[in-house]
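For the sequence shown, our numbering begins at 3 and goes up steadily by one. Backbone N, C-alpha and C define an ideal beta-carbon position, used for all residues, glycine too. Structure first, then comments.
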Amino acid sequence: MTNSSRAGLPLIKQFEGCRLAAYLCPAGVWTIGWGRTTNVKRGDTCTQAQADAWLVAEYDAFEKKVSGLVRVPVTSNQLGALVSFAYNVGVGALGSSTLLRLLNAGDHAGAAAQFGRWNKAGGKALAGLTKRRAAEAALFVR
């Protein structure tokens with residue numbers, strides 16, 4: 003997507019952090035760089051430059067997918083919050099969420115209130131996810 007503000011990029015960097023060696027995330031998924039899960043396996047490594055390049059490419063790909071799900075006009079901050087959310091939980095989860103249903107019905111406040119419901123990994127509420135969802139909701143309403 004051209005002229006993207008990438009408003010959600012700082013949130014992704016803040017909450018994903020960057021690791022140059024593959025690790026298992028709390029949900030048990032092999033992850034590397036700034037939260038990349040595509041084709042990652044145990045023992046993988048990358049450089050900081052590669053991690054940064056992957057993040058920008060993945061952000062743009064997620065933004066395009068998220069934009070395809072949203073049926074109402076949104077601000078760059080709202081889009082950024084949705085991209086950060088989808089980057090973490092997956093585009094499929096966003097696509098079937100009450101958050102998206104409310105947003106597409108024009109209920110922005112109701113959509114914003116839904117972020118906090120997505121704070122679990124492996125069935126357990128995690129403090130980091132609770133903080134991330136609060137930050138995404140704050141960006142969404144800004």
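- Positions of the alpha helix (DSSP H) runs, each at least 4 residues long and wholly inside the segment 51-132, are given as 78-91, 93-97, 100-106 and 110-116 in order along the chain.
- A23 is bridged by DSSP to T47.
- Minimum Cα-Cα distance from A140 among the listed residues G82, D109, G108 and A123 corresponds to G82.
- Within the DSSP bridge table, the entry for R38 names I34 as partners.
- The beta-carbon separation of W36 and K15, rounded to 6 Å, stays under the 8 Å limit for a contact.
- When S7, T47 and Q116 are compared, the shortest CA-CA separation from F87 is found for Q116.
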